[in-house]
Amino acid sequence: MTHPLTRLRDAELSLEELVQAASDLLAAAPEPADARVQPLPDARTIRYYQTSGLVDRPLRYAGREARYGYRHLLQVLAVKLLQRHGHRLARIQNALAGLTDDRLQSAVIDGLGTDPSPRPPL
Numbered sequence: 593m594t595h596p597l598t599r600l601r602d603a604e605l606s607l608e609e610l611v612q613a614a615s616d617l618l619a620a621a622p623e624p625a626d627a628r629v630q631p632l633p634d635a636r637t638i639r640y641y642q643t644s645g646l647v648d649r650p651l652r653y654a655g656r657e658a659r660y661g662y663r664h665l666l667q668v669l670a671v672k673l674l675q676r677h678g679h680r681l682a683r684i685q686n687a688l689a690g691l692t693d694d695r696l697q698s699a700v701i702d703g704l705g706t707d708p709s710p711r712p713p714l
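What follows is the structure, encoded as structure tokens:
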């Protein structure tokens, strides 16, 4: 069975589309334990993650619009899932550093699973 995440493997997304795709996929995940953690990403948060090195630079720019790919989506999902389990951004950055797309995908799918108490990715 194919996970809904993998249908976006070849997508090239605007920032708004990246926010929407991540939000749609995270909607069914449990709420964060820490009320200070935003449950869903927004454009500002993703730009902050990029500046902080949690998310790679955009694939390219179409005029002034940044374009993002599947790896960016995986990175945003992994960060939000790890935050939901109480991990701080510095620890998340260390955990995600150097991971392949396949490893990120496995971790995110495990974290998004249909189990009512999904494991944290990684």
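Residue numbers (our numbering): 593 to 714. Virtual Cβ for every residue (Gly too), placed ideally from N, Cα, C. Bear in mind the structure is a predicted one, so any value in this text is a computation, not a measurement.
Integer Cβ distance of residue i from residue j, believed to fall under 8 Å
i	j	result
Arg-676	Pro-624	4 Å
Asp-648	Arg-663	6 Å
Gly-703	Leu-673	4 Å
Tyr-640	Val-671	Actually they are not in contact, since the Cβ atoms of Tyr-640 and Val-671 sit about 10 Å apart, beyond 8 Å.
Ser-644	Leu-610	Wrong, their Cβ atoms sit about 16 Å apart, outside the cutoff.
Between the CA atoms of residue j and residue i - distance to the nearest angstrom
i	j	result
Ser-709	Gly-690	Any answer about Ser-709 is weak, because its pLDDT of 43 lies below 50 and its placement is not dependable; what the coordinates show is given next. Going by the C-alpha atoms only, they are around 27 Å apart.
Asp-707	Val-668	Only weak support is given to the placement of Asp-707: the predicted model assigns it a pLDDT of 45, under 50, and the value that follows is read from those uncertain coordinates. Roughly 21 Å separates the two Cα atoms.
Ala-619	Gln-612	10 Å
Tyr-653	Asp-634	19 Å
Asp-626	Gly-678	7 Å
Identity of the residues DSSP links to residue i by a beta bridge
i	result
Arg-659	Arg-652
Beta-carbon gap between residue i and residue j smaller than 7 Å
i	j	result
Glu-657	Ser-606	yes
Thr-597	Leu-617	In the sequence as presented, Thr is not what sits at residue 597; that position holds Leu. Closer than 7 Å, so yes.
Ile-684	His-595	no
Start and end residues, alpha helix (DSSP H) containing residue i
i	result
Ser-572	In the structure displayed, the chain extends from 593 to 714; residue 572 sits before or after that span and is not available.
Ala-699	693-704
Thr-637	635-644
Gln-630	Run containing Gln-630: none; DSSP gives neither H nor E here.
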